[in-house]
Amino acid sequence: MEILPAIDLKDGKAVRLTKGLMDSAKIYSDEPWQLAKTFEDMGSKWLHIVDLNGAFAGEPKNLEQIEKIRENTSLKIELGGGIRDEDTIKRYLELGIDRLILGSIAVKNPDFVKEMAAKYPIAVGIDAIDGYVAVEGWAEVSEMKATELAKAFADCGVEAIICTDVGRDGTLSGINVDFTISIAEASGIDTIASGGLKSINDILVLKNTGKVAGVIVGKAFYEGLIDLGEAFKLV
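Quick note on numbering: the working numbering labels position 186 of the sequence shown as 186, and the sequence is numbered without any gaps.
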(Lines of atoms letter the chains of each structure in order from A and count residues from 1; the text may use other names and numbers.)
(Lines give C-alpha, C1' and ligand atoms only; values in the text may rest on other atoms or scores of the structure.)
Protein backbone atom coordinates (compact mmCIF):
# COMPACT_ATOMS: atom_id res chain seq x y z
CA MET A 1 0.00 0.00 0.00
CA GLU A 2 1.31 3.42 -0.96
CA ILE A 3 1.28 6.45 1.31
CA LEU A 4 0.78 9.64 -0.66
CA PRO A 5 1.55 12.88 1.22
CA ALA A 6 -0.70 15.70 0.04
CA ILE A 7 0.00 19.27 -0.92
CA ASP A 8 -3.07 21.41 -1.54
CA LEU A 9 -2.25 24.63 -3.38
CA LYS A 10 -4.14 27.88 -2.85
CA ASP A 11 -2.74 31.18 -4.10
CA GLY A 12 0.70 29.60 -4.47
CA LYS A 13 0.85 28.37 -0.87
CA ALA A 14 0.46 24.92 0.71
CA VAL A 15 -2.74 24.90 2.74
CA ARG A 16 -5.25 22.51 4.30
CA LEU A 17 -8.99 23.00 4.25
CA THR A 18 -11.64 21.66 6.59
CA LYS A 19 -14.49 19.86 4.79
CA GLY A 20 -13.45 21.50 1.54
CA LEU A 21 -14.35 25.04 2.57
CA MET A 22 -12.00 27.55 0.94
CA ASP A 23 -12.40 30.10 3.73
CA SER A 24 -11.16 27.47 6.21
CA ALA A 25 -7.70 27.41 4.59
CA LYS A 26 -4.77 27.23 6.99
CA ILE A 27 -1.39 28.03 5.45
CA TYR A 28 1.41 25.57 6.20
CA SER A 29 4.09 26.68 3.76
CA ASP A 30 4.88 29.60 1.46
CA GLU A 31 7.25 27.31 -0.49
CA PRO A 32 5.36 24.09 -1.34
CA TRP A 33 8.31 22.67 -3.29
CA GLN A 34 10.31 22.55 -0.05
CA LEU A 35 7.56 20.48 1.54
CA ALA A 36 7.66 18.10 -1.42
CA LYS A 37 11.41 17.73 -0.96
CA THR A 38 10.85 16.93 2.72
CA PHE A 39 8.41 14.16 1.79
CA GLU A 40 10.92 12.72 -0.65
CA ASP A 41 13.68 12.79 1.98
CA MET A 42 11.36 10.91 4.38
CA GLY A 43 11.00 8.07 1.89
CA SER A 44 7.92 8.95 -0.11
CA LYS A 45 7.60 7.67 -3.67
CA TRP A 46 4.40 9.55 -4.54
CA LEU A 47 3.00 13.04 -4.02
CA HIS A 48 -0.67 13.99 -4.26
CA ILE A 49 -1.26 17.60 -5.38
CA VAL A 50 -4.55 19.46 -5.62
CA ASP A 51 -4.81 22.84 -7.31
CA LEU A 52 -7.62 24.21 -5.15
CA ASN A 53 -7.98 27.45 -7.11
CA GLY A 54 -8.07 25.36 -10.27
CA ALA A 55 -10.83 23.14 -8.89
CA PHE A 56 -13.09 26.16 -8.57
CA ALA A 57 -11.94 27.94 -11.73
CA GLY A 58 -11.97 24.89 -14.00
CA GLU A 59 -8.46 25.59 -15.27
CA PRO A 60 -4.86 25.48 -13.92
CA LYS A 61 -4.17 28.23 -11.40
CA ASN A 62 -0.98 27.22 -9.54
CA LEU A 63 1.31 26.27 -12.41
CA GLU A 64 4.37 28.10 -11.07
CA GLN A 65 4.39 26.11 -7.83
CA ILE A 66 3.61 22.83 -9.61
CA GLU A 67 6.57 23.42 -11.92
CA LYS A 68 8.84 24.13 -8.93
CA ILE A 69 7.78 20.90 -7.22
CA ARG A 70 8.43 18.95 -10.41
CA GLU A 71 11.84 20.54 -10.92
CA ASN A 72 13.02 19.98 -7.35
CA THR A 73 11.95 16.37 -6.69
CA SER A 74 12.01 12.94 -8.31
CA LEU A 75 8.68 11.98 -6.76
CA LYS A 76 5.91 10.48 -8.83
CA ILE A 77 3.19 13.10 -8.86
CA GLU A 78 -0.55 12.74 -9.23
CA LEU A 79 -2.39 16.01 -9.72
CA GLY A 80 -6.00 17.13 -9.68
CA GLY A 81 -8.04 20.31 -9.59
CA GLY A 82 -9.63 21.95 -12.60
CA ILE A 83 -8.62 19.44 -15.27
CA ARG A 84 -11.50 19.58 -17.73
CA ASP A 85 -10.02 18.96 -21.20
CA GLU A 86 -7.39 17.02 -23.12
CA ASP A 87 -5.16 20.05 -23.70
CA THR A 88 -4.75 20.51 -19.94
CA ILE A 89 -3.92 16.83 -19.54
CA LYS A 90 -1.26 17.06 -22.25
CA ARG A 91 0.15 20.26 -20.74
CA TYR A 92 0.63 18.61 -17.34
CA LEU A 93 2.11 15.43 -18.81
CA GLU A 94 4.61 17.52 -20.78
CA LEU A 95 5.48 19.19 -17.49
CA GLY A 96 6.38 15.77 -16.09
CA ILE A 97 3.29 14.99 -14.01
CA ASP A 98 2.83 11.22 -13.78
CA ARG A 99 -0.93 10.89 -13.34
CA LEU A 100 -3.88 13.25 -13.69
CA ILE A 101 -6.96 13.14 -11.48
CA LEU A 102 -10.32 13.83 -13.11
CA GLY A 103 -13.04 14.68 -10.63
CA SER A 104 -16.08 16.82 -11.51
CA ILE A 105 -15.78 15.94 -15.20
CA ALA A 106 -16.10 12.25 -14.28
CA VAL A 107 -19.67 12.90 -13.16
CA LYS A 108 -20.65 15.24 -15.96
CA ASN A 109 -18.90 13.49 -18.85
CA PRO A 110 -17.83 9.92 -17.97
CA ASP A 111 -17.28 9.07 -21.64
CA PHE A 112 -14.59 11.76 -21.83
CA VAL A 113 -12.84 10.20 -18.82
CA LYS A 114 -12.93 6.76 -20.42
CA GLU A 115 -11.52 8.19 -23.64
CA MET A 116 -8.69 9.90 -21.77
CA ALA A 117 -7.98 6.81 -19.64
CA ALA A 118 -7.43 4.82 -22.83
CA LYS A 119 -4.64 7.22 -23.84
CA TYR A 120 -3.16 8.74 -20.67
CA PRO A 121 -2.42 7.84 -17.02
CA ILE A 122 -5.70 8.86 -15.41
CA ALA A 123 -7.11 8.55 -11.90
CA VAL A 124 -10.71 9.35 -11.04
CA GLY A 125 -11.41 11.44 -7.97
CA ILE A 126 -14.67 10.49 -6.29
CA ASP A 127 -15.59 12.87 -3.50
CA ALA A 128 -18.71 12.05 -1.52
CA ILE A 129 -20.98 13.69 1.02
CA ASP A 130 -23.18 11.14 2.80
CA GLY A 131 -22.42 8.65 0.04
CA TYR A 132 -23.39 10.98 -2.84
CA VAL A 133 -20.90 12.47 -5.27
CA ALA A 134 -19.78 16.07 -4.63
CA VAL A 135 -18.55 18.18 -7.56
CA GLU A 136 -17.16 21.63 -8.41
CA GLY A 137 -14.70 21.79 -5.54
CA TRP A 138 -17.32 20.12 -3.31
CA ALA A 139 -19.62 23.10 -3.72
CA GLU A 140 -22.40 20.94 -5.21
CA VAL A 141 -23.79 17.49 -4.38
CA SER A 142 -25.09 15.37 -7.26
CA GLU A 143 -27.83 12.75 -7.17
CA MET A 144 -25.40 9.95 -8.02
CA LYS A 145 -24.15 7.48 -5.42
CA ALA A 146 -20.37 7.26 -5.18
CA THR A 147 -20.43 3.49 -5.64
CA GLU A 148 -22.44 3.84 -8.87
CA LEU A 149 -19.85 6.24 -10.26
CA ALA A 150 -17.02 3.91 -9.24
CA LYS A 151 -18.71 0.98 -10.98
CA ALA A 152 -19.01 3.02 -14.18
CA PHE A 153 -15.23 3.13 -14.57
CA ALA A 154 -14.53 -0.59 -14.17
CA ASP A 155 -12.44 -2.08 -16.99
CA CYS A 156 -11.83 1.15 -18.92
CA GLY A 157 -8.15 1.74 -18.16
CA VAL A 158 -8.47 4.08 -15.17
CA GLU A 159 -5.32 3.55 -13.05
CA ALA A 160 -6.78 4.45 -9.66
CA ILE A 161 -9.74 5.91 -7.83
CA ILE A 162 -9.11 8.46 -5.10
CA CYS A 163 -12.14 8.45 -2.83
CA THR A 164 -12.72 11.19 -0.29
CA ASP A 165 -15.34 11.36 2.42
CA VAL A 166 -15.77 15.14 2.34
CA GLY A 167 -17.38 15.23 5.78
CA ARG A 168 -14.17 13.90 7.28
CA ASP A 169 -11.65 15.77 5.17
CA GLY A 170 -9.37 17.94 7.29
CA THR A 171 -11.20 16.94 10.49
CA LEU A 172 -8.70 14.35 11.81
CA SER A 173 -11.68 12.16 12.69
CA GLY A 174 -10.39 8.97 11.05
CA ILE A 175 -10.61 7.46 7.57
CA ASN A 176 -13.98 6.10 6.45
CA VAL A 177 -12.76 2.54 5.90
CA ASP A 178 -16.13 1.05 4.94
CA PHE A 179 -16.69 3.75 2.31
CA THR A 180 -13.22 3.15 0.85
CA ILE A 181 -13.78 -0.60 0.63
CA SER A 182 -17.19 -0.10 -1.00
CA ILE A 183 -15.56 1.96 -3.75
CA ALA A 184 -12.80 -0.62 -4.26
CA GLU A 185 -15.29 -3.47 -4.48
CA ALA A 186 -17.67 -1.60 -6.80
CA SER A 187 -14.92 -0.65 -9.26
CA GLY A 188 -12.28 -3.36 -9.07
CA ILE A 189 -9.78 -0.52 -9.51
CA ASP A 190 -6.86 0.35 -7.20
CA THR A 191 -8.48 2.60 -4.62
CA ILE A 192 -6.75 5.32 -2.60
CA ALA A 193 -8.35 6.47 0.65
CA SER A 194 -8.59 10.15 1.49
CA GLY A 195 -10.22 12.35 4.09
CA GLY A 196 -9.85 12.37 7.86
CA LEU A 197 -6.72 10.31 8.47
CA LYS A 198 -5.55 10.96 12.01
CA SER A 199 -2.91 8.39 12.98
CA ILE A 200 -0.65 5.56 11.94
CA ASN A 201 -3.35 3.20 13.21
CA ASP A 202 -5.62 4.37 10.37
CA ILE A 203 -2.91 3.37 7.91
CA LEU A 204 -2.53 -0.06 9.50
CA VAL A 205 -6.29 -0.68 9.47
CA LEU A 206 -6.44 0.14 5.76
CA LYS A 207 -3.39 -1.99 5.01
CA ASN A 208 -4.84 -4.95 6.90
CA THR A 209 -8.02 -4.93 4.81
CA GLY A 210 -5.92 -6.05 1.85
CA LYS A 211 -8.31 -4.10 -0.40
CA VAL A 212 -6.86 -0.59 -0.39
CA ALA A 213 -4.05 0.46 -2.72
CA GLY A 214 -3.06 3.69 -1.02
CA VAL A 215 -3.86 6.42 1.46
CA ILE A 216 -3.44 10.17 1.30
CA VAL A 217 -1.91 11.88 4.31
CA GLY A 218 -2.53 15.59 4.79
CA LYS A 219 -3.49 17.42 7.95
CA ALA A 220 -2.31 14.64 10.29
CA PHE A 221 1.23 15.30 9.07
CA TYR A 222 0.93 19.08 9.10
CA GLU A 223 -0.42 19.08 12.65
CA GLY A 224 2.33 16.75 13.87
CA LEU A 225 0.07 13.79 14.61
CA ILE A 226 1.86 11.29 12.42
CA ASP A 227 5.52 10.40 11.87
CA LEU A 228 5.65 9.87 8.13
CA GLY A 229 9.12 8.36 8.23
CA GLU A 230 7.80 5.68 10.58
CA ALA A 231 4.66 5.22 8.49
CA PHE A 232 6.68 4.55 5.32
CA LYS A 233 8.59 1.81 7.13
CA LEU A 234 5.34 0.12 8.15
CA VAL A 235 3.97 -0.22 4.65
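We treat Cβ as the ideally placed atom computed from N, Cα and C, and that holds for glycine. A quick note: this is a predicted structure, and the numbers were derived from the prediction, not measured.
Which term fits N62, buried or exposed, when burial requires 16 or more other beta carbons within 10 angstroms of its beta carbon? Residue 62 sits at position 62 when you count from the first residue of the sequence shown. Buried, since its Cβ has 16 or more Cβ neighbours within 10 Å.
Quick check: what's the CA-CA separation for N72 versus I66? Taking the sequence shown and counting its residues from 1, one reaches residue 72 at position 72. Taking the sequence shown and counting its residues from 1, one reaches residue 66 at position 66. N72 and I66: Cα-Cα distance of roughly 10 Å.
Find the nearest neighbour of L105 within the set E94, D227, V133, judged by alpha-carbon distance. Position 105 of the sequence shown holds residue 105. Per the sequence presented here, residue 105 reads as Ile, with Leu not at that position. For the residues E94, D227, V133, the minimum Cα distance to I105 belongs to V133.
Cβ atoms of L206 and V217: under 7 Å apart, would you say? In the sequence shown, the residue the question calls residue 217 occupies position 217. In the sequence shown, the residue the question calls residue 206 occupies position 206. No.
Counting beta carbon pairs with one atom in the segment 118-128 and one in the segment 91-104, are three or more of them shorter than 8 Å? With a cut-off of 8 Å, the segment 118-128 and the segment 91-104 count as touching, because enough Cβ pairs lie within range.
Within this structure, are the beta carbons of D41 and L9 separated by less than 7 Å? By 1-based counting over the sequence shown, the position of residue 41 is 41. By 1-based counting over the sequence shown, the position of residue 9 is 9. Going by C-beta atoms, D41 is not nearer than 7 Å to L9.
D8 by DSSP, collapsed to three states: which one? Your numbering for residue 8 matches position 8 in the sequence shown. D8: strand per DSSP, three-state reduction.
Close-in-space but distant-in-sequence residues of the same chain around K145 (CB under 7 Å, 5 per side omitted): What you label residue 145 is simply residue 145 of the sequence shown in a count that begins at 1. The residues are G131, Y132.
At least one CB of chain B closer than 7 Å to the CB of L17: is that the case? Absence of chain B from the displayed structure is noted, only one protein chain being present.
Let me confirm a value: G54 is counted as buried when at least 16 other C-beta atoms fall within 10 Å, else exposed. Which label applies? Within the sequence shown, numbered from 1, the residue matching residue 54 stands at position 54. Under the 10 Å beta carbon count, G54 is surrounded by 16 or more other beta carbons and is classified as buried.
Per-residue DSSP class, three states only, for L21: The residue labelled residue 21 in the question sits at position 21 within the sequence shown. Strand, per DSSP.
What is the residue span of the alpha helix (DSSP H) that Y92 lies within? Counting from 1 along the sequence shown, the entry for residue 92 is found at position 92. Residue range 86-95 is occupied by the alpha helix (DSSP H) that includes Y92.
Nearest to E59 by alpha carbon, out of E140, Y92, I77? Sequence index remark: in the sequence shown, residue 59 carries index 59 (1-based). The shortest Cα separation from E59 among E140, Y92, I77 belongs to Y92.
Helix, strand or coil at S187 according to DSSP, with G and I counted as helix: Walking along the sequence shown from the start, residue 187 turns up at place 187. In the three-state DSSP reduction, S187 falls in the helix class (H, G or I).
Can you check whether the CB of C163 is closer than 7 Å to the CB of K114? To locate residue 114, count along the sequence shown from 1; it is residue 114. To locate residue 163, count along the sequence shown from 1; it is residue 163. For the pair K114 and C163, the CB atoms are not nearer than the 7 Å cut-off.
Report yes if the C-beta distance between S182 and T209 is below 7 Å; otherwise report no. Working through the sequence shown from its first residue, we reach residue 182 at position 182. Working through the sequence shown from its first residue, we reach residue 209 at position 209. Taking C-beta atoms as the reference points, S182 and T209 fail to come closer than 7 Å.
Could you give the DSSP three-state label for S74: helix, strand or coil? For the purposes of this step, residue 74 is taken as residue 74 along the sequence shown, with counting starting at 1. Looking at S74 - three-state DSSP - the assignment turns out to be coil, as it is neither helix nor strand.
Inter-residue Cα distance where the pair is D87 and E143: Working through the sequence shown from its first residue, we reach residue 87 at position 87. Working through the sequence shown from its first residue, we reach residue 143 at position 143. Cα to Cα, D87 sits roughly 29 Å from E143.
Of all the beta strand (DSSP E) runs that stay within the bounds of the segment 102-159, which reach a length of 3 or more residues? Listed in chain order, they are 122-129, 132-135, 140-145.
Distance, D165 Cα to A128 Cα: On the sequence shown, position 128 is the one that residue 128 refers to. On the sequence shown, position 165 is the one that residue 165 refers to. Straight-line Cα distance between these residues: approximately 5 Å.
Looking only at C-alpha atoms, which of L225, K211, I203 sits nearest to L4? Taking the first residue of the sequence shown as 1, we reach residue 4 at position 4. That would be I203, whose Cα lies nearest to the Cα of L4.
Proximity winner among G12, V177, I200, relative to K233 (alpha-carbon distances): Here residue 233 refers to the residue found at position 233 of the sequence shown. Nearest of G12, V177, I200 to K233, Cα basis: I200.
Check whether the Cβ atoms of L47 and L75 sit closer than 7 Å, and answer yes or no. Taking the sequence shown and counting its residues from 1, the one referred to as residue 47 is at position 47. Taking the sequence shown and counting its residues from 1, the one referred to as residue 75 is at position 75. The criterion of a C-beta distance shorter than 7 Å is satisfied by L47 and L75.
Sort G174, A186, A213, D178 by Cα distance to K198 and report the nearest one. Here the question's residue 198 lines up with position 198 in the sequence shown. The option with the nearest alpha carbon to K198 is G174.
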